[in-house]
Structure formats: C-alpha cells, structure tokens
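Asker: There's a structure below that I have some questions on.
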Amino acid sequence: MAEQEEFTDINGNPIQFSCQDFSPFCREFTVSSSKLSLLRVLMFTCTVWLLAYTGFYLTQNTAVLSAAIMVTLLGMLLHIHFVKVDHETLLIVGSLGVQLSSAYASGRESTTFIEMSRIKDIVINEAIHMQRIIYYLCILLKDHTEPDGVSSVVPLFQSSKPRLNCLVQVYRSCQEIIGQTP
Amino acid sequence: MVLKIFFPRCCNMADSGLLVGRWIPGQDSAVVLAVIHYPFIPGQVKKYLSELHSQTQVDLTILGSWSFSKDSQKDMDEFLKDLSTIFSHSRWLQLSREPGKKGFACEVVHKNGHAAGDEEHEIIFVHYDQRKVMLSQLHPVQENGADVKSSELRAVFHTVSQSEPLFLFDKYDDGPLKLTHWQSDGREASILVELIKQASVPVCMLLTLLVGYRTEQFQTVFSTSKATTHMEFMRKANIFVSFFVDTALGLLLISWLYRENRISYLANTLVPAADHVAKELQNLLEWLMGAPAGLKMNRALDEVLGKFFLYHIHLWISYIRLMSPFIEMILWYVGLSACLGLTFALSVLSDIVALLTFHIYCFYVYGARLYCLKIYGLSSLWRLFRGKKWNVLRQRVDSCSYDLDQLFLGTLLFTILLFLLPTTALYYLVFTLLRLVVVTFQGLIHLSVDFINSFPLFALGLRICRPYRLAEGVKFCVLHEEPGAPLHLLMECYRTETSSCSSRDSWLTLVKKLFVGELIYPWRQKSTKTD
Numbered sequence: 000m001a002e003q004e005e006f007t008d009i010n011g012n013p014i015q016f017s018c019q020d021f022s023p024f025c026r027e028f029t030v031s032s033s034k035l036s037l038l039r040v041l042m043f044t045c046t047v048w049l050l051a052y053t054g055f056y057l058t059q060n061t062a063v064l065s066a067a068i069m070v071t072l073l074g075m076l077l078h079i080h081f082v083k084v085d086h087e088t089l090l091i092v093g094s095l096g097v098q099l100s101s102a103y104a105s106g107r108e109s110t111t112f113i114e115m116s117r118i119k120d121i122v123i124n125e126a127i128h129m130q131r132i133i134y135y136l137c138i139l140l141k142d143h144t145e146p147d148g149v150s151s152v153v154p155l156f157q158s159s160k161p162r163l164n165c166l167v168q169v170y171r172s173c174q175e176i177i178g179q180t181p
Numbered sequence: 000m001v002l003k004i005f006f007p008r009c010c011n012m013a014d015s016g017l018l019v020g021r022w023i024p025g026q027d028s029a030v031v032l033a034v035i036h037y038p039f040i041p042g043q044v045k046k047y048l049s050e051l052h053s054q055t056q057v058d059l060t061i062l063g064s065w066s067f068s069k070d071s072q073k074d075m076d077e078f079l080k081d082l083s084t085i086f087s088h089s090r091w092l093q094l095s096r097e098p099g100k101k102g103f104a105c106e107v108v109h110k111n112g113h114a115a116g117d118e119e120h121e122i123i124f125v126h127y128d129q130r131k132v133m134l135s136q137l138h139p140v141q142e143n144g145a146d147v148k149s150s151e152l153r154a155v156f157h158t159v160s161q162s163e164p165l166f167l168f169d170k171y172d173d174g175p176l177k178l179t180h181w182q183s184d185g186r187e188a189s190i191l192v193e194l195i196k197q198a199s200v201p202v203c204m205l206l207t208l209l210v211g212y213r214t215e216q217f218q219t220v221f222s223t224s225k226a227t228t229h230m231e232f233m234r235k236a237n238i239f240v241s242f243f244v245d246t247a248l249g250l251l252l253i254s255w256l257y258r259e260n261r262i263s264y265l266a267n268t269l270v271p272a273a274d275h276v277a278k279e280l281q282n283l284l285e286w287l288m289g290a291p292a293g294l295k296m297n298r299a300l301d302e303v304l305g306k307f308f309l310y311h312i313h314l315w316i317s318y319i320r321l322m323s324p325f326i327e328m329i330l331w332y333v334g335l336s337a338c339l340g341l342t343f344a345l346s347v348l349s350d351i352v353a354l355l356t357f358h359i360y361c362f363y364v365y366g367a368r369l370y371c372l373k374i375y376g377l378s379s380l381w382r383l384f385r386g387k388k389w390n391v392l393r394q395r396v397d398s399c400s401y402d403l404d405q406l407f408l409g410t411l412l413f414t415i416l417l418f419l420l421p422t423t424a425l426y427y428l429v430f431t432l433l434r435l436v437v438v439t440f441q442g443l444i445h446l447s448v449d450f451i452n453s454f455p456l457f458a459l460g461l462r463i464c465r466p467y468r469l470a471e472g473v474k475f476c477v478l479h480e481e482p483g484a485p486l487h488l489l490m491e492c493y494r495t496e497t498s499s500c501s502s503r504d505s506w507l508t509l510v511k512k513l514f515v516g517e518l519i520y521p522w523r524q525k526s527t528k529t530d
C-alpha cells in the first residue's frame, strides 16, 4: 500500500515514502529523496566554466579549458556514484533480520544485513544538529559481553533524513514485527 | 513462530523425493542440502547418511519430502505419510510444488501425527545458491564455537560448507541413490589439480631447503602444510602470484635491457651524469664560501668547511674516473640479477643510486654531526646559565651551583658557539636538502618495491572472476509473494573491498629529527633512538 501523505525531510524538501507489506512479518520501507535538480547542476557547471574562462583569459592556455571540462565530468560522475543517494530501503523480516540498503543515483547499491539475534531494539533518537533538534531512527545492537548493554548504534535513513511523522510510521510497523518474535 | 527453510536454488526443479538437510540447533530453521529421488531403499539412505556424518561431523537428517509432479496428489499423500513413519524425526516437512506455479506449499507434521496448520507456523523460504554459499568464506568458525550458536546465518553457512563431501556425489553415477544438488563441472580438470597438489609437497620441501631461509615470505609460500584458514590461503596465493608477476616483469626488463646495446648506452650516460653532479656541487660550495644570498658568514669557519668539502669532491671525482672503465661490465652483470625479479632490480638500482651519491651522504653526515654537536653544546650551556645541569644517572635536569670561572668559561663558549651556529646551520641546511632529494628518490623506489610485493593480484583476479569468494555479507530480496502462500526470499552474497594501510614514520618525528640533526634514512630504523 502506498501512502499518499506528503512527507518532507528535515530541510523541507519533499520526499516519497512507501511501505510494502509482503506478509505479516515482512515489510519493506522505501524513502526516495528528490532527484538531482537541473538548476544546481547548471550552477555548478557555469561556475567551473566561468572560472576556467577567467584562467584562460589570463594565461591564454587552452589546457585550462579542457581541464575544466574534465573536472565537471569527473565531478558529476563521482557525485552520482558516491554522494547522491536516490532511495534508501529498509527490509525487515521477522526472526531473520533487518536489511538496510541505499541505492545511489548511478545505480550502485550498498547493503548491510543485521541478524535479528544481534538487534536489541529499534528506537527513534533525538539529536542536536547545528542549531536545531532532529529525530532519526536507529537500531541498537546487543553487546555480547554485557546482557543489557548496547554495543553500537546504527542510524537508518542517513542520507534522506525524513521528518518525525514519517519515522513514527516506520517505527510502529517495525515494533509490531519485532514484538511478534520472542 | 516463524519457520525458516533455506532451500538451494538448484533443487527448484528437482524430481520428487526426500529432503536431506539439517535442523539448526537452537534455531527454528532448517537447511536443505539435497534431494534424494525415488526409488530408494530406506536402509541404504540411512547408511549413506551415517557415512556422511562420520565424514563431515554434520548431523544430516531427512527433513521431509519434496514433491514436484503433475499426477494426482491423492495416492502420493498417503505415500508421504508412510514415509514419515520410516525416518525418525521430530518435525516432518512436506514441500510440494505444482509445475505452473512459482511458489511452494509447505506442511509441517509433528511427531504425534497431527498436521500443524499455518496458524502456528509462518514459513519463510530463503533460496540460496549452494555453490556460492559453500565457497564464500563467511563462516569463520575456528575462532570461537560460541559464536556459531548465537548466529543463525553463520550456522547455515557452516553447515553448507562442511557438507562438501555430499556434493562430490555425482548425479550421473550408477548407485543405489539418486541425488540432486549443486555439482561442480569439469571433473577431469580436478584430477590435474589433485596431481599438482600431490607433486607440490616435495617441490616445496626442496625449495624450502634452497631459498626458504631467505625471507619470511618464502617460508610462508613454500611451507608444506596445507593452508587451513581462508586468510592463510589468501596470503599464500597472493604472495605466490605477486612473486610470479615480479619474476615475469624482471624477465621482461632483461629482454628490454640486453637488446640493441642499451647497457653500454646506459653506462655511457651514467658516468658523465655523476661527473656533472660533482661539478654542480663544486659550484655550490664555491657559492657558499662567498656570501651566499647576501648572508655574512663567519669567514674563517666558512673557508675551512668549504675547503674540506671541496677536497672531498676532488677525491670523489678521481674515484669516478677510476671506476669509469669498469662501469659497463658491472652494469652488465648486475643487470642479470633482474631475472630474480623486478623488485630485485629496483633494489639494486636503489643501491647504485646510494653509491653514486655517496659524497652527498658524506657531506650530510659531516654537516649533521657538526650541527648536532653545536645544538647539544648550546642546550647544555643554556642549562649552565640557569644554574642547572643534566643528571645522567637519574635522567633528569638537576640544579647545580657553578663556580665563577666555570660560568665565565661557559659563557665564553656559548657566545662562540652561538655566533658560529649560522655558518654550520647553512651548510647543514643545504646538504640536508640535497640528501632529502636522494632519500625521496630512494623512498619512491622502496615504495614501488613494496607495492609490487604486496599488491593483492590474486585477490583482484578472484574479485573479477569469482566475486562471491570474497563475500562480505548477505543480501535478501523478496522473490514474489502471494497471499496465503509462504514468503520467498532470495539470499545473495555480495562483496566489498577491504583496504589496509600501514602507518609509517609520522611527519612530525621526521621534522623533529631534521631540526635536532639526527641522521635520517629512507628505510625504517630497527630501533629508534630515544634520549
């Protein structure tokens, strides 16, 4: 079932959130952030080319211009391959584990799977970021040496950073599934 | 409760039969390893399983039945019920698949006979690729046994990889049993591999006797014991492959060098180059002996130092003149050593550079020693001003009362040293810069040698050809879902690269050493001196 509600990330940019129910104990949440805006790409390209043209004007060296073209191309490639995250997915399967995957704009996917036996809980955390307070979902991992301790925290939806109303929905369904398994 | 069944993808289309596998202890999950087809004799199946158990130490059992057929289910059901009474079990799985459908149907029968419906058991099918799971090294069990119990996936991986003998059973063999499971192709090639493995042990012993004492690397490669862990195997293979590539590159270099009389050309350019460097140094020294960059130096000391260094250069030039007729021959013989590997040739090159710039090294040592002496003298005399002295026994600064004439002499010496410091410092600075150039060049050569030696070529090749061997984790994706039917997941292995870098001498210590005037070398010192 796709949610029709409007969601935004912490900066106010619109994001799409969808939740897919495969079975009572298996759900998939996808948060897609907005596409790469053409304006910003144009701005970046224009700035680099203007700088390059100034350099060319001063030095009369054509290597500057070709270097600028290379820089823009490489920069864009690197940006869509390593920085720009297209959508993030959280697949939770009862009694098996949680899988976090983020797909980059170039199609590269990075995945982490956390087994249920390592998960202590999933919580919504509050953090101070610059001059405001933001909320984020995170998975608490069990500490094997201490029964009640938390060894580390894995934040979810790190790059799309949805707001609290979206997080609450994910949190509720995750708790439902985790609560089913002893 | 959720029941997880790990099902191999190669058995998707298998004919009906019995499921061989293992219940993961402590977890609510089962691993299916193979399907035994009809017809079979139950006694033989049990015997085969016990044989496997003694071989693999994995307690394989009959999990249940598998049916994949078009004909009527009625009589089949009765037959399956009968089967469940033959094999001992606590739970009996009845998997069935109809030809047109994608999903499986599953029924769980408990020992007391009644069928447990879906209200008690939710079922997840996790489809896995048997070959990839077996070969990916995601089951480091050797370290601690407690980890196996806690982690379910690890137990699954361990089970699949341990039951390798089961997969050696050929499906085309005429035997009492017919099995479906993953099977490696190219049996014939594996005979060759086995023969090479057998032959490698005496060869390794011989090589250990010949060259094994040389380095640790060779000891690792030529040790006769089989690599047990994945890590050890990868290390061995990496060293072996890089050794091989190294030798190949060395032979290429030889074939390039000894063609078209390149050696004599090299020798003819080398001697004038060394001569030229000496001439430039002479010019530099003459410049230093005047008023370099408008600085006013202590004239007497400047002259003494300059003449000393000039004499040294004179010696050096005569040494090169003496050497020049032999250089071509030396290069010819040294070039032959490249057949031991490119790294060897590079190391020889580094040594040649060190020999040809010996005068720079000497100048640097003299300059550094003088400068160091002055710095230490100044620091101890500075302590004298403050009425303190260095206590050698206790390794600390103690207070001390000096006599008047001691203070007078100390002040006099301090003044002299202080005024002579700029001259020495200038010589030290110039020669240190020259030395740093040489050290950087040598460092680059050492870096490339390290790079060739430690480049993980084997791992790279493995990553390109068989990426699942270097799997980092697992990834699930939902295959298809139908309401009411069990969920199907697909488990895949994925890999990422790992990088490790060793930390060298930090830049801070280098700068500190340069400032105090300690000697620096391109390689790492075995024991670093500490005051």
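Going line by line, the protein sequences match chains A and B. Following numbering that gives the first Met the number 0, the numbering of the first sequence begins with 0 at its first residue and continues without gaps. Following numbering that gives the first Met the number 0, the numbering of the second sequence begins with 0 at its first residue and continues without gaps. Just so you know, even glycine gets a beta-carbon here, dropped at the ideal spot from N, CA and C.
1) Let's test the definition: count the other Cβ atoms within 10 Å of the Cβ of A/P13 and tell me whether it reaches 16, buried, or not, exposed.
2) From B/L348 to B/V31, what distance separates their C-alpha atoms?
3) According to DSSP, is B/A542 part of a helix, a strand, or is it coil?
4) Which residues in chain B have a C-beta closer than 9 angstroms to the C-beta of A/L182? List them in chain order.
5) Show which residues of chain A have a CB atom less than 9 angstroms away from the CB atom of B/G472.
6) For A/V92 and chain B, any beta-carbon pair shorter than 8 angstroms?
7) Of all the options B/R258, B/F362 and B/V155, which has the alpha carbon lying nearest to the alpha carbon of B/D58?
8) Grab me the residues of B/M12's own chain with a C-beta within less than 6 angstroms of its C-beta, minus the 5 sequence neighbours each way, in chain order.
9) Can you find a CB in chain B that lies within less than 8 angstroms of the CB of A/Q98?
10) Exposed or buried, what is A/R171 when buried is set at 16 or more other beta-carbons lying within 10 Å of its beta-carbon?
11) Whose CA, out of B/G340, B/L250, B/Q56 and B/R21, lies closest to the CA of B/S89?
12) Write down the C-beta distance between A/I118 and A/V97 rounded to the nearest angstrom, noting that I regard them as a contact closer than 8 angstroms.
13) Does any C-beta atom of chain B lie closer than 8 angstroms to the C-beta of A/S22?
14) Work out the CA separation of B/Q161 and B/G144 for me, nearest whole Å.
15) Just how far apart, CA to CA, sit B/Y520 and B/V438?
16) Could you tell me how far apart the beta carbons of B/S241 and B/L456 are, in whole angstroms, since I believe they sit closer than 8 angstroms?
17) Near B/K284, what residues of its chain come up, given a Cβ to Cβ distance below 8 angstroms and the 5 sequence neighbours on each side ignored?
18) From the DSSP output, read off the bridge partner residues of A/V167.
19) Ignoring anything shorter than 3 residues, give me the beta strand (DSSP E) runs that lie fully in the region 310-371 of chain B, in order along the chain.
20) Comparing the C-beta of B/L488 with each C-beta of chain A, is any distance below 8 angstroms?
21) Please list, in chain order, all residues of the same chain as A/E87 whose beta carbon is under 6 angstroms from its beta carbon, the five residues on each side excluded.
22) List the residues that DSSP assigns as beta-bridge partners of A/A88.
23) So the beta strand (DSSP E) B/A29 belongs to, where does it begin and stop?
24) Is the Cβ-Cβ distance between A/F28 and B/G472 less than 8 angstroms?
25) Determine the closest residue to B/K100 out of B/P485, B/Y426, B/K511 and B/M490, with distance taken between C-alpha atoms.
26) Helix, strand or coil for A/D120 per DSSP?
27) Does the beta-carbon of B/W315 have 16 or more other beta-carbons within 10 angstroms, so that it is buried, or is it exposed?
28) Can you tell which of B/N267, B/S135, B/N260 and B/K235 has the C-alpha that lies nearest to the C-alpha of B/F454?
29) Taking the straight line between their C-alpha atoms, what separation do you get for B/R432 and B/V270?
30) Looking at B/K373 and B/L428, is the spacing between their C-beta atoms short of 8 angstroms?
31) Select from the region 155-179 of chain A all residues with a C-beta closer than 9 angstroms to any C-beta belonging to chain B, and list them in chain order.
32) By Cβ distance below 6 angstroms, which residues in the same chain neighbour B/K177 in space, the five residues on each side in sequence not counted?
33) With 16 as the cutoff for other CB atoms within 10 Å, does B/L152 come out buried or exposed?
34) Could you confirm whether any beta carbon from chain B is found closer than 8 angstroms to the beta carbon of A/E27?
35) What are the residues that DSSP puts in a beta bridge with A/C137?
36) Would you kindly work out how many angstroms separate the C-alpha atoms of B/N452 and B/F232, rounded to a whole number?
Answerer: Concretely, from the data shown:
1) Counted from its first residue, the first sequence places residue 13 of chain A at position 14. It counts as exposed.
2) Here the question's residue 348 of chain B lines up with position 349 in the second sequence. Here the question's residue 31 of chain B lines up with position 32 in the second sequence. Between B/L348 and B/V31, the C-alpha separation is close to 60 angstroms.
3) Residue 542 of chain B lies beyond the stretch modelled for chain B, which goes from 0 to 530, so this question has no answer here.
4) In the structure as shown, chain A starts at 0 and stops at 181, and residue 182 of chain A therefore has no counterpart that could be examined.
5) In the second sequence, counting from the first residue as 1, residue 472 of chain B sits at position 473. Contact of B/G472 with chain A by beta-carbon distance below 9 angstroms involves T110, T111 and F112.
6) Start at 1 with the first residue of the first sequence, and residue 92 of chain A comes out as number 93. Yes - at least one Cβ of chain B is within 8 angstroms of the one on A/V92.
7) For the purposes of this step, residue 58 of chain B is taken as the residue at position 59 of the second sequence. Measuring from the Cα of B/D58, the nearest candidate turns out to be B/V155.
8) Within the second sequence, the letter at position 13 stands for residue 12 of chain B. Nothing listed; no residue qualifies.
9) Taking the first residue of the first sequence as 1, we reach residue 98 of chain A at position 99. Interface residue, yes.
10) Against the first sequence, residue 171 of chain A aligns to sequence position 172. Looking at its Cβ environment, which holds fewer than 16 other Cβ atoms inside 10 Å, A/R171 is exposed.
11) On the second sequence, residue 89 of chain B is found 90 positions in, with the first residue counted as 1. Taking only the C-alpha atoms, the option nearest B/S89 is B/R21.
12) To locate residue 118 of chain A, count along the first sequence from 1; it is residue 119. To locate residue 97 of chain A, count along the first sequence from 1; it is residue 98. Your pair A/I118 and A/V97 checks out as a contact, with CB atoms roughly 6 angstroms apart and the cut at 8 angstroms.
13) By 1-based counting over the first sequence, the position of residue 22 of chain A is 23. A/S22 counts as touching chain B.
14) Along the second sequence, one-based indexing puts residue 144 of chain B at 145. Along the second sequence, one-based indexing puts residue 161 of chain B at 162. The predicted position of B/G144 is uncertain, since its pLDDT is 45 and thus under 50; no value can be drawn from it.
15) Residue numbering aside, residue 520 of chain B sits at position 521 when the second sequence is read from its first letter. Residue numbering aside, residue 438 of chain B sits at position 439 when the second sequence is read from its first letter. Cα to Cα, B/Y520 sits roughly 7 angstroms from B/V438.
16) In the second sequence, residue 241 of chain B corresponds to position 242, counting from 1. In the second sequence, residue 456 of chain B corresponds to position 457, counting from 1. Indeed, because the Cβ distance is near 6 angstroms, the residues count as touching under 8 angstroms.
17) Your numbering for residue 284 of chain B matches position 285 in the second sequence. In the sequence as presented, Lys is not what sits at residue 284 of chain B; that position holds Leu. Only residues of its own chain outside the window of five on either side were considered, and among them G305, F308, L309 and I312 have a CB closer than 8 angstroms to the CB of B/L284, listed in chain order.
18) Position 168 of the first sequence, counted from the first residue, corresponds to residue 167 of chain A. In the DSSP output, where bridge partners are listed per residue, A/V167 has none listed.
19) As far as the region 310-371 of chain B is concerned, it has no whole beta strand (DSSP E) run of at least 3 residues.
20) Against the second sequence, residue 488 of chain B aligns to sequence position 489. Closer than 8 angstroms to some Cβ of chain A, the Cβ of B/L488 qualifies, so yes.
21) Locating residue 87 of chain A in the first sequence gives position 88, counting from the first residue. For A/E87, where only same-chain residues beyond five positions count, the Cβ hits under 6 angstroms are V30, S101, F156 and S159.
22) Taking the first residue of the first sequence as 1, we reach residue 88 of chain A at position 89. Here the sequence assigns Thr to residue 88 of chain A, which means Ala is not the residue at that position. The partner list for A/T88 (beta bridge, DSSP) reads A/T29 and A/S100.
23) Counting from 1 along the second sequence, the entry for residue 29 of chain B is found at position 30. Note, B/A29: beta strand (DSSP E), S28 to H36.
24) Within the first sequence, the letter at position 29 stands for residue 28 of chain A. Within the second sequence, the letter at position 473 stands for residue 472 of chain B. B/G472 sits away from A/F28, with the two beta carbons spaced by 8 angstroms or more.
25) On the second sequence, position 101 is the one that residue 100 of chain B refers to. Measuring from the Cα of B/K100, the nearest candidate turns out to be B/P485.
26) Position 121 of the first sequence, counting from 1, holds the residue named residue 120 of chain A. Three-state DSSP puts A/D120 in a strand.
27) As a working mapping, residue 315 of chain B is identified with position 316 in the second sequence. So B/W315 ends up on the buried side.
28) What you label residue 454 of chain B is simply residue 455 of the second sequence in a count that begins at 1. When each option's Cα is compared against that of B/F454, the closest is B/K235.
29) Here residue 432 of chain B corresponds to residue number 433 of the second sequence, with the count starting at 1. Here residue 270 of chain B corresponds to residue number 271 of the second sequence, with the count starting at 1. The sequence as given places Leu at residue 432 of chain B; Arg does not occur at that position. Cα-Cα distance, rounded: 23 angstroms.
30) Residue 428 of chain B sits at position 429 when you count from the first residue of the second sequence. Residue 373 of chain B sits at position 374 when you count from the first residue of the second sequence. It is not a contact, given that the beta carbons lie outside the stated cut-off.
31) Correct list: Q179.
32) Taking the second sequence and counting its residues from 1, one reaches residue 177 of chain B at position 178. For B/K177, where only same-chain residues beyond five positions count, the Cβ hits under 6 angstroms are H36.
33) In the second sequence, counting from the first residue as 1, residue 152 of chain B sits at position 153. Buried.
34) Taking the first sequence and counting its residues from 1, the one referred to as residue 27 of chain A is at position 28. At a cut-off of 8 angstroms between C-beta atoms, A/E27 counts as an interface residue with respect to chain B.
35) If you number the first sequence from 1, residue 137 of chain A lands on position 138. DSSP lists A/V122 and A/P154 as partners of A/C137.
36) In the second sequence, counting from the first residue as 1, residue 452 of chain B sits at position 453. In the second sequence, counting from the first residue as 1, residue 232 of chain B sits at position 233. Rounded to the nearest whole angstrom, the CA to CA distance from B/N452 to B/F232 is 17 angstroms.
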